[in-house]
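Chains as they are written, first to last, in the numbering used here: chain A, 1 to 125; chain B, 126 to 485.
These notes are about the structure you will find just below.
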Amino acid sequence: MNLPENLKYTKDHEWVRIEGNMAVVGITEFAQNELGDIVFVEIDSEDEELAREEVFGTIEAVKTVSDLYMPLSGKIVEVNDELDPKPELVNKEPYDGGWMIKIEIKDPAEIEGLLSAADYKALID
Amino acid sequence: MQKTPLYDRHLALGAKIVPFAGFAMPVEYSGIQQEHRAVREAAGIFDVSHMGEFWVKGPHAQALLQKVCSTDVARLPIGKAQYCYFPNGKGGVVDDLLVYAYEAQKYLLVVNAGNIQKDWDWLQANNNMGAELENASKHMALLALQGPCARQILQALTSVNLDDLPAFSFVVAQVGDLAQVIVSHTGYTGAGGYELYVAAEEAAVLWDLLLQKGAEKGLVPCGLGARDTLRLEMGYCLYGNDIDEQTSPIAAGLGWVTHLTAGREFIDRPLLERQMKEGVAERLKGIVLLERGIPRSGYLLVNEAGEEVGRVTSGSQSPVLNQGIGLAYVTKPYWKTGSRLFVRIRNKDIAAEIRKPPFV
Chain A
1 MNLPENLKYT KDHEWVRIEG NMAVVGITEF AQNELGDIVF VEIDSEDEEL AREEVFGTIE
61 AVKTVSDLYM PLSGKIVEVN DELDPKPELV NKEPYDGGWM IKIEIKDPAE IEGLLSAADY
121 KALID
Chain B
126 MQKTPLYDRH LALGAKIVPF AGFAMPVEYS GIQQEHRAVR EAAGIFDVSH MGEFWVKGPH
186 AQALLQKVCS TDVARLPIGK AQYCYFPNGK GGVVDDLLVY AYEAQKYLLV VNAGNIQKDW
246 DWLQANNNMG AELENASKHM ALLALQGPCA RQILQALTSV NLDDLPAFSF VVAQVGDLAQ
306 VIVSHTGYTG AGGYELYVAA EEAAVLWDLL LQKGAEKGLV PCGLGARDTL RLEMGYCLYG
366 NDIDEQTSPI AAGLGWVTHL TAGREFIDRP LLERQMKEGV AERLKGIVLL ERGIPRSGYL
426 LVNEAGEEVG RVTSGSQSPV LNQGIGLAYV TKPYWKTGSR LFVRIRNKDI AAEIRKPPFV
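Structure, rendered in structure tokens:
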């Protein structure tokens with residue numbers, strides 16, 4: 001299971017890449033594998049300000065649908081439009097082309113609450 | 126958790142294993158959509174050994190089946206299989222199944238894995254005529270070889286001429302080195318193909334042989350995920366989703382396998398006959414989403430005014446159409462083919478249309 005060390009994780013199987021006051025968010029290799037073939041990702045929350053744990057979108061796989069949760073509070077400043085024509089990027093490159101949203105972080109103290117790669121690995125093992 | 130005789134094969138092929146009806150089953154190997162397309166375009170092999178098999182034998186076998194089955198088993202010639210259901214005595218369905226007229230006074234019933242014990246108890250409880258019953262579920266494996274290339278792949282392995290085996294016919298044949306395989310021209314995918322019943326201890330030999338010989342024709346191992354999307358594209362019912370102890374088989378569209386032969390007294394006949402004559406309040410229909418979205422079991426169907434007019438019982442993305450498709454119980458007059466309604470997906474109403482399956 002690929003779990004890059006430079007990323008933070010959540011118990012909801014999202015990864016977070018901190019870039020200054022921005023956070024890039026996607027779902028983990030484990031999550032995409034559990035979901036199977038992803039059919040589309042629906043994110044209607046661009047420009048909205050959402051709190052940590054709030055739903056920012058949904059991900060539809062052939063077998064199931066799953067909510068996507070904010071790993072940190074903040075404003076969604078960018079959504080990955082590439083996923084519209086190519087939802088399979090989430091399966092193929094969960095940590096790269098499969099990224100989903102960019103958040104303007106509201107409260108940097110929340111970053112402390114995210115999991116390290118080792119913590120997340122312990123969670124899914 | 127029970128395992129089929131092919132469990133180790135699935136692990137070796139890297140399948141994702143999930144619990145299903147008490148069995149550890151492969152849900153996918155390479156991915157549901159890829160497996161699905163392989164079956165539509167070439168061939169796929171499914172391990173469905175979790176399904177249950179009962180033998181019903183002896184001079185009273187037919188009498189028992191005439192009582193519990195929705196179809197007229199007396200009309201089923203030896204060598205033929207028939208799809209039917211067990212009415213539950215309360216207007217619902219115990220299970221749906223295939224009945225094979227194996228030889229004189231000997232029938233094979235193939236039932237859903239999740240209902241093996243329930244069906245067995247049901248047959249015992251209704252067997253006041255003294256038919257001989259044998260539960261062979263643990264001793265029989267079942268492989269489904271499906272797809273347009275299935276015939277070619279199987280023909281290379283058997284001396285039986287498959288052109289002489291029409292749909293819903295079966296024959297006991299030698300396949301490879303296995304002397305006794307029930308080759309049945311049936312399936313649950315709509316892609317054509319065969320279901321192969323074999324002794325549990327011979328399942329791995331047959332599986333390996335088919336995978337090896339079929340590979341050049343594009344055969345891939347397929348899991349329950351693709352089995353579900355394939356049957357859904359054809360609009361076939363799945364017990365537990367679309368039909369159950371509460372649903373009327375007539376509402377579910379199973380009137381065509383409800384045989385009202387004169388003088389045949391089967392369970393629930395008067396009730397079902399009345400429903401067929403007078404109609405039912407809702408019907409199981411195909412729906413296609415006109416916008417992006419996937420209907421899922423339990424979602425509501427609403428009309429333009431937002432009033433509930435039905436509920437989804439099965440749904441997925443069609444890997445062929447790349448559209449959301451499903452089966453839903455719909456009230457009159459919204460059940461009419463072509464009528465427009467909406468599927469309520471979380472907080473949004475997504476436009477949909479009633480369509481008569483198959484969807485592809």
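Cβ coordinates follow ideal geometry from the N, Cα and C atoms, glycine included.
Out of curiosity, what's the CA-to-CA distance linking residue i and residue j?
i	j	result
residue 364 of chain B	residue 75 of chain A	45 Å
residue 1 of chain A	residue 28 of chain A	9 Å
residue 421 of chain B	residue 405 of chain B	24 Å
residue 284 of chain B	residue 480 of chain B	42 Å
residue 369 of chain B	residue 376 of chain B	12 Å
residue 60 of chain A	residue 413 of chain B	16 Å
residue 149 of chain B	residue 324 of chain B	19 Å
residue 176 of chain B	residue 462 of chain B	33 Å
residue 379 of chain B	residue 230 of chain B	26 Å
In the DSSP assignment, what residue or residues form a beta bridge with residue i?
i	result
residue 67 of chain A	A:58
residue 391 of chain B	Residue 391 of chain B pairs with nothing; no bridge assigned.
residue 178 of chain B	B:235
residue 22 of chain A	A:19 and A:104
residue 293 of chain B	For residue 293 of chain B, which the question treats as bridged, DSSP gives no partner whatsoever.
residue 150 of chain B	B:143
residue 165 of chain B	Bridge partners of residue 165 of chain B: none, in fact.
residue 435 of chain B	B:426 and B:455
residue 125 of chain A	In the DSSP output, where bridge partners are listed per residue, residue 125 of chain A has none listed.
Using three-state DSSP, classify residue i as helix, strand or coil.
i	result
residue 268 of chain B	strand
residue 77 of chain A	strand
residue 425 of chain B	strand
residue 485 of chain B	coil
residue 36 of chain A	coil
residue 120 of chain A	helix
residue 350 of chain B	helix
residue 445 of chain B	coil
residue 363 of chain B	coil
residue 6 of chain A	coil
residue 253 of chain B	coil
residue 138 of chain B	coil
residue 405 of chain B	coil
residue 417 of chain B	coil
residue 86 of chain A	coil
Given a threshold of 16 other Cβ atoms within 10 Å of its Cβ, counted over all protein chains shown, does residue i qualify as buried or as exposed?
i	result
residue 487 of chain B	With chain B running from 126 to 485 in the structure shown, residue 487 of chain B is simply not present.
residue 95 of chain B	Because chain B in this structure spans residues 126 to 485, residue 95 of chain B falls outside the shown range and cannot be described.
residue 307 of chain B	buried
residue 384 of chain B	buried
residue 136 of chain B	exposed
residue 105 of chain A	buried
residue 221 of chain B	buried
residue 390 of chain B	exposed
residue 172 of chain B	buried
residue 240 of chain B	buried
residue 213 of chain B	buried
residue 280 of chain B	exposed
residue 116 of chain A	exposed
residue 305 of chain B	exposed
residue 482 of chain B	buried
residue 346 of chain B	buried
Can we count residue i as close to the ligand COA, meaning its CB is less than 7 Å from some heavy atom?
i	result
residue 31 of chain A	The ligand COA is not among the ligands present in this structure, which contains no ligands whatsoever.
Below 8 Å between beta carbons: does that hold for residue i and residue j?
i	j	result
residue 79 of chain A	residue 419 of chain B	no
residue 227 of chain B	residue 218 of chain B	no
residue 130 of chain B	residue 326 of chain B	yes
residue 233 of chain B	residue 248 of chain B	no
residue 272 of chain B	residue 168 of chain B	yes
residue 454 of chain B	residue 409 of chain B	yes
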